[in-house]
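Colleague: Going line by line, the protein sequences match chains A and B. Letter by letter, the first sequence follows residues 1 to 64 in my numbering. Letter by letter, the second sequence follows residues 65 to 224 in my numbering. Mind having a look at this structure? Questions to follow.
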Amino acid sequence: MSKFEIPKNFDYKNVNILKQFITETGKIIPARVTGISASNQRKLTRYIKIARFLALIPYTDMHK
Amino acid sequence: MKKYEAVIILNPNLSSKVDTFKKDFEDLLKQNSFSINKTEDIGRRQLSYSINNHNKGHYIIFSIEGNPVNLINIENKIKYNDSIIRHLFISVKNHQGEDSQLMIDSKNKKDDSEAEPPVIKDKEKDVLSNNKQNVTDVTNSDNESTVELKQKSEENHENE
Numbered sequence: 001m002s003k004f005e006i007p008k009n010f011d012y013k014n015v016n017i018l019k020q021f022i023t024e025t026g027k028i029i030p031a032r033v034t035g036i037s038a039s040n041q042r043k044l045t046r047y048i049k050i051a052r053f054l055a056l057i058p059y060t061d062m063h064k
Numbered sequence: 065m066k067k068y069e070a071v072i073i074l075n076p077n078l079s080s081k082v083d084t085f086k087k088d089f090e091d092l093l094k095q096n097s098f099s100i101n102k103t104e105d106i107g108r109r110q111l112s113y114s115i116n117n118h119n120k121g122h123y124i125i126f127s128i129e130g131n132p133v134n135l136i137n138i139e140n141k142i143k144y145n146d147s148i149i150r151h152l153f154i155s156v157k158n159h160q161g162e163d164s165q166l167m168i169d170s171k172n173k174k175d176d177s178e179a180e181p182p183v184i185k186d187k188e189k190d191v192l193s194n195n196k197q198n199v200t201d202v203t204n205s206d207n208e209s210t211v212e213l214k215q216k217s218e219e220n221h222e223n224e
């Protein structure tokens, strides 16, 4: 699964990396699908939730 | 002493007053014995969803260090500031010396707009007013991976 490589250091500001791991509807894609490590998935989840709060990525596609 | 990153989204209509806000905020930090390592003025950015009927926001990121007890005082002051539409303090292990990805993206955007001749800029304004189109363009390019993902997940279901 070379497609879902993530760099060693990333955070909520790397919006383009985070966007790879959410669906069109804004859900977080499970690690069993992307194949990334559990620790990376935990980081990713945390950062996605921060980025959502800061309106960098959407919660859902139903925002008007 | 703890290290923090303060992300502040300002009202886009007050973009011209950003410098005064920055000074005020820095004074507030100094009053509470916080030290500022770095300020990143990312500028106006499209919000993914509207906050208080604003579709754009002026992002500023401060790398600060100080006593957690005093953070409450700062937050209390910020909470009732009408020009701030959203704020967040995140504790971090280390401050990054380099520019963040958001800063790099905004710089690249500025370079693009400066490189183009001024005649097109008027057209750009029209495009900017229809910002939703821009957003869909950006997401489309990213969606390719998610589409493939969906296919893969469907395959997985079949295997099961």
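We put the beta carbon where it would ideally sit given N, CA and C, even for glycine.
With H, G and I counted as helix, E and B as strand and the rest as coil, what does DSSP make of B/N117?
Modeller: Of the three classes helix, strand and coil, the one that applies to B/N117 here is coil, per DSSP.
Colleague: Output the distance between the C-alpha atoms of B/S177 and B/I168, rounded to the nearest integer angstrom.
Modeller: Between B/S177 and B/I168, the C-alpha separation is close to 14 angstroms.
Colleague: Can you list, in chain order, the residues of its chain with a C-beta nearer than 6 angstroms to that of A/I69? Leave out the 5 residues immediately preceding and following it.
Modeller: A query on residue 69 of chain A cannot be resolved here, the shown segment of chain A reaching from 1 to 64 and no further.
Colleague: With H, G and I counted as helix, E and B as strand and the rest as coil, what does DSSP make of B/L166?
Modeller: Helix.
Colleague: Against chain A, with Cβ distances strictly below 8 angstroms, would B/Y68 count as a contact?
Modeller: So, not an interface residue.
Colleague: Which chain B residues sit within Cβ distance under 8 angstroms of A/A55?
Modeller: Neighbours of A/A55 on chain B, chain order: I73, L111, S112, Y113, I115, G121 and R150.
Colleague: What residues in the stretch 154-172 of chain B have a beta carbon less than 9 angstroms from any beta carbon of chain A?
Modeller: Here the close residues are I154, V156, Q160, S164, Q165, L166, M167 and D169.
Colleague: Could you tell me whether any Cβ in chain B is nearer than 8 angstroms to the Cβ of A/N14?
Modeller: So, interface residue.
Colleague: With a CB to CB cut of under 6 angstroms and the five nearest residues on each side skipped, what residues in its chain are close to A/L56?
Modeller: Counting only Cβ-Cβ distances below 6 angstroms, and skipping sequence neighbours, we find V15.
Colleague: Give the secondary structure of A/A38 by DSSP, where H, G and I count as helix, E and B as strand, and everything else as coil.
Modeller: Three-state DSSP puts A/A38 in a helix.
Colleague: Tell me, which residues are paired with B/I73 by DSSP?
Modeller: Answer is B/Y123 and B/R150.
Colleague: For B/S147, which residues in the same chain have their Cβ closer than 8 angstroms to its Cβ, ignoring the five residues on either side in sequence?
Modeller: So the list reads L74, N75, L78, K81 and F85, once near-sequence residues are dropped.
Colleague: Check this for me: beta carbons of B/I128 and B/L93, under 8 angstroms apart or not?
Modeller: For B/I128 and B/L93, yes; Cβs fall inside 8 angstroms.
Colleague: Check the DSSP bridge columns for B/S99 and list the partner residues they point to.
Modeller: For B/S99, which the question treats as bridged, DSSP gives the partners B/E129.
Colleague: Taking the alpha carbon of B/E162 as the point to measure from, which residue in B/A70, B/N101, B/D83 and B/K67 has its own alpha carbon closest?
Modeller: Ranking the options by Cα distance to B/E162, first place goes to B/N101.
Colleague: Roughly how many whole angstroms lie between the Cα atoms of A/Y12 and A/T23?
Modeller: For A/Y12 and A/T23, the distance between alpha carbons rounds to 17 angstroms.
Colleague: Pick from B/N140, B/T103, B/K120 and B/V71: whose alpha carbon is nearest that of B/N96?
Modeller: Nearest option by C-alpha distance: B/N140.
Colleague: Name the DSSP bridge partner or partners of A/I28?
Modeller: A/I22.
Colleague: With distances taken from CA atoms, which of B/L152, B/R150 and B/I106 is nearest B/I124?
Modeller: Closest by alpha carbon: B/I106.
Colleague: Measuring CB to CB, does A/I28 end up less than 8 angstroms from A/I48?
Modeller: Going by C-beta atoms, A/I28 is nearer than 8 angstroms to A/I48.
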